[in-house]
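Enquirer:
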Amino acid sequence: LLRLSLPSKPGWRGAMEKSRPLWDNPLQFVFACISYAVGLGNVWRFPYLCQMYGGGGFLIPYLIMLIVEGMPLLYLELAVGQRMRQGSIGAWKIISPYLCGVGVASVVVSFFLSMYYNVINAWAFWYLFHSFQDPLPWATCPLNSNRTGYEEECEKTSSTQYFWYRETLNISPSLEDSGSIQWEQALCLMLAWLVVYLCILRGTESTGKVVYITASLPYCVLIIYLIRGLTLHGAVNGLIYMFTPKLEQLSNPKTWISAATQIFFSLGLGFGSLIAFASYNEPSNNCERHAVIVSLINSTTSIFASIVTFSIYGFKATFNYESCINKVILILINAFDLEEGSVTADNLSDVKEYLMATYPQEYAQLSPQLKNCSLEAELDTAVQGTGLAFIVYSEAIKNMEVPQLYSVLYFVMLLMLGIGSMLGNTAAILTPLTDSKAITARFPKEVISGAVCFINCVIGLTFTMEAGNYWFDIFNDYAATLSLLLIVLVETIAVCYIYGIRRFEKDLHGMIGRKPNWYWKIMWAFASPLLIVPELQRIFSPLQGQLVTKDYPSYALAVIGLLVAASTMCIPLGALVTFIRKRLKRERTLPPSSATGPCWKTAATIICSSYL
3 LLRLSLPSKP
13 GWRGAMEKSR
23 PLWDNPLQFV
33 FACISYAVGL
43 GNVWRFPYLC
53 QMYGGGGFLI
63 PYLIMLIVEG
73 MPLLYLELAV
83 GQRMRQGSIG
93 AWKIISPYLC
103 GVGVASVVVS
113 FFLSMYYNVI
123 NAWAFWYLFH
133 SFQDPLPWAT
143 CPLNSNRTGY
153 EEECEKTSST
163 QYFWYRETLN
173 ISPSLEDSGS
183 IQWEQALCLM
193 LAWLVVYLCI
203 LRGTESTGKV
213 VYITASLPYC
223 VLIIYLIRGL
233 TLHGAVNGLI
243 YMFTPKLEQL
253 SNPKTWISAA
263 TQIFFSLGLG
273 FGSLIAFASY
283 NEPSNNCERH
293 AVIVSLINST
303 TSIFASIVTF
313 SIYGFKATFN
323 YESCINKVIL
333 ILINAFDLEE
343 GSVTADNLSD
353 VKEYLMATYP
363 QEYAQLSPQL
373 KNCSLEAELD
383 TAVQGTGLAF
393 IVYSEAIKNM
403 EVPQLYSVLY
413 FVMLLMLGIG
423 SMLGNTAAIL
433 TPLTDSKAIT
443 ARFPKEVISG
453 AVCFINCVIG
463 LTFTMEAGNY
473 WFDIFNDYAA
483 TLSLLLIVLV
493 ETIAVCYIYG
503 IRRFEKDLHG
513 MIGRKPNWYW
523 KIMWAFASPL
533 LIVPELQRIF
543 SPLQGQLVTK
553 DYPSYALAVI
563 GLLVAASTMC
573 IPLGALVTFI
583 RKRLKRERTL
593 PPSSATGPCW
603 KTAATIICSS
613 YL
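FYI, in the numbering used here the residues of the sequence shown are 3 to 614.
1. Does DSSP classify Ile183 as helix, strand or coil?
2. What does a CB cutoff of less than 6 Å around Val212 pick up in its chain, not counting 5 residues either side in sequence?
3. Spell out a yes or no on whether the region 335 to 350 and the region 252 to 271 are touching, meaning 3 or more CB-CB pairs, one atom from each, closer than 8 Å.
4. Which residue or residues does DSSP assign as beta-bridge partners of Leu145?
5. Nearest-angstrom Cα distance between Asp553 and Ser176?
6. What do you reckon, are the CB atoms on Arg182 and Met418 nearer than 8 Å?
7. Assign Met73 to one of three DSSP states: helix, strand, or coil.
8. Whole angstroms is fine: what's the gap from Ile265's alpha carbon to Ser37's?
9. Assuming Trp473 is part of the alpha helix (DSSP H), what are its boundary residues?
10. In terms of residues, what are the limits of the alpha helix (DSSP H) holding Gly512?
11. Tell me which residue opens and which closes the alpha helix (DSSP H) that Met418 is part of.
12. Whole angstroms is fine: what's the gap from Leu549's alpha carbon to Phe114's?
13. Can you give the Cα-Cα distance for Leu193 and Leu586, rounded to whole angstroms?
14. Grab the span of the alpha helix (DSSP H) containing Leu298 for me, first residue to last.
15. Buried or exposed: which applies to Gln251, given that a residue is buried once 16 or more other Cβ atoms fall within 10 Å of its Cβ?
16. Using the rule of at least 16 other Cβ atoms within 10 Å of the residue's Cβ for burial, across every protein chain shown, is Asn239 buried or exposed?
17. Can you give me the Cβ contacts of Thr246 inside the same chain, cut-off strictly under 6 Å, excluding the 5 residues immediately before and after it?
18. Please name the residue in Trp526, Asn519, Gly512 and Glu154 whose C-alpha comes closest to that of Gly1.
19. With distances taken from CA atoms, which of Leu68, Pro28 and Lys400 is nearest Ala529?
20. So if DSSP puts Met467 in a beta bridge, which residue, or which two residues, is it bridged to?
21. Give me the residue from Ile96, Gly105 and Phe60 with the minimum Cα distance to Leu432.
22. Looking only at its chain, what residues have a beta carbon closer than 8 Å to the beta carbon of Ile457, apart from the 5 residues adjacent to it on each side?
23. From Val414 to Ala430, what does the alpha carbon distance come to, in whole angstroms?
24. Taking Pro28 as the reference, which of Pro285, Leu189, Gly274 and Gly426 has the closest Cα?
25. Looking at Pro144: is its Cβ nearer than 8 Å to the Cβ of Glu153?
26. Counting beta carbon pairs with one atom in the region 504 to 521 and one in the region 123 to 132, are three or more of them shorter than 8 Å?
27. Excluding five sequence neighbours on each side, which residues of the same chain lie with their C-beta closer than 7 Å to the C-beta of Ala482?
28. Does the Cβ of Gly16 have 16 or more other Cβ atoms within 10 Å, making it buried, or fewer, making it exposed?
29. Give the DSSP-derived three-state secondary structure of Pro137 in the structure shown.
30. CB-CB under 6 Å to Pro544, same chain, minus the five flanking residues each way: which ones, in chain order?
31. Provide the residue span of the alpha helix (DSSP H) that contains Phe392, from first to last.
32. Rounded to a whole number of angstroms, what is the C-alpha to C-alpha distance between Leu435 and Ser275?
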């Protein structure tokens, strides 16, 4: 494979590097990485994994995977971007022309992610606008059309679920019933993309200012929520549930794979965003130190956010448990003419046994209304993703004092987290485009950024239809998971075994003044790539099961196949096209008698033209 080496000391920066924009200072770069890496997954997925895999015991595999997988891979991507001073496509093409498809795959995955990820920001805008109402619109069920009672659908579920599924999504019964575009959600999506466009309008000049807000404001809100959450009734129940370790889960392979996957995706590896951000660094920037800082801050944020989440989760569970108890007590008092105060939470089980033995027929008729109230069952209810962000939190907020204030704070925090991640996703798309002289010669950067945002916004309107949430789940499940694991696996192999670990050592010595120690080299060359393999196996097995159990229609299965193939096939296709181009170039220099037939050359030319 063709290798291209750059000079190894600060004299590297040629005419291209001199014209390349830079971050104002290293702190701005760190804030950009934190704003990108610390996202919604820290708030809603990590607490869910703690709940599923051993509570506080999950921290053991999580921290181990941070050391052996997350930190080394983050360092590798930052070093590649800073060394090559290009976006993902250019960086991997410099390492080897046959690896250009790796960068293309990263751009494709980031494009898919941007299509649907900004919809979450649109939902956050929707909830934020409704947070100024008194009472909150999800606090109570709406009246039915006859105004004789509440909506039946709402009474069967809850007011927060009704507002999410009916008022916000207006979700259809199935994927086949696509329905129409919900224009309120469509307008919120347009607003979300307008905000993103304004943030990236002038490249690092504007993004660098915005990341100070998107990176720091969520921590301010989390601190406020922590103080409030710890003072809520029942918060301690949630914290005890979180930190009570279930060490038997350590023998479960899924626990370790889930920890590795969470580290991998929470740092945003493989998208090309980190490479793009690092390409705007000074060549002498200490990327090793920044990789450690960003990794530790990201993981600490996940733990911190889990404390906040479980304090609120404990409050919600306790509230629901006590409401259930009070409802059962009221039913018993009214049905059997008991004295008020004679039935309490402490003696409820004894009273129920007495009534069941004394009045068996009456109690049997009443039993369907008597729920089995359990605090443990409430805490065991596993909720992740949008369910945690827009249902569980909303239900907890509505029961707080001054709920409008906490609602505004919470959804502003979601917006900052979402916008910060979107800045990284769009940077992964825009940096390779703006690095291309053929594109920038025709269009200014503002037009390129506007075109990317407009295309994503138009496609994103699909997710605002009545069946849009089904498509959201499809993209969320299949657009990035398998592709990112393959991309990062190829990245580590490329750096260690194609570019060469010794050459990479020399490059790092030229940048930060010292070679990487044995820990980094062992992680890059052996541990991190080997850990990706079981994650790939885990992705493949649910992939097959979900295609059956969810019973998607044929066109949805075709979209799933396209999402997976469109990015993963870029890697071998890029190598194939490079090989064909080199073959054609060599044949042009050969005598006519030794050239290959015209059909083969025509086909190869068509392939190259369509790809490039």
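Note that the Cβ used here is the ideal one computed from N, Cα and C, for glycine as well. In this text, all values refer to a predicted model and were calculated from it rather than measured experimentally.
Expert: Let's see:
1. strand
2. Cys201
3. no
4. Tyr152
5. 11 Å
6. Here residue 182 is Ser; the residue named in the question, Arg, does not match the sequence. Not a contact, by the Cβ cut-off of 8 Å.
7. helix
8. 16 Å
9. Gly470 to Tyr480
10. Ile503 to Ile514
11. Pro405 to Asp437
12. A caution first: Leu549 carries a pLDDT of 35, below 50, which makes its placement in the model too unreliable to give a value.
13. 48 Å
14. Cys289 to Phe338
15. buried
16. buried
17. Gly57
18. Only positions 3 to 614 of the chain appear in the structure, and residue 1 is not among them; the question remains open.
19. Leu68
20. Ile183
21. Gly105
22. none
23. 25 Å
24. Pro285
25. yes
26. no
27. Val111, Phe114 and Leu115
28. Caution is warranted here: a pLDDT of 37 is assigned to Gly16, below 50, making its placement in the model unreliable, and the coordinate value is therefore given only provisionally. By the neighbour-count rule (16 or more Cβ atoms within 10 Å), Gly16 is not buried but exposed.
29. coil
30. Its pLDDT being 49, under 50, Pro544 is placed unreliably by the model, and nothing is read from it.
31. Counting along the chain, Phe392 falls outside any alpha helix (DSSP H), and DSSP gives it neither H nor E.
32. 13 Å
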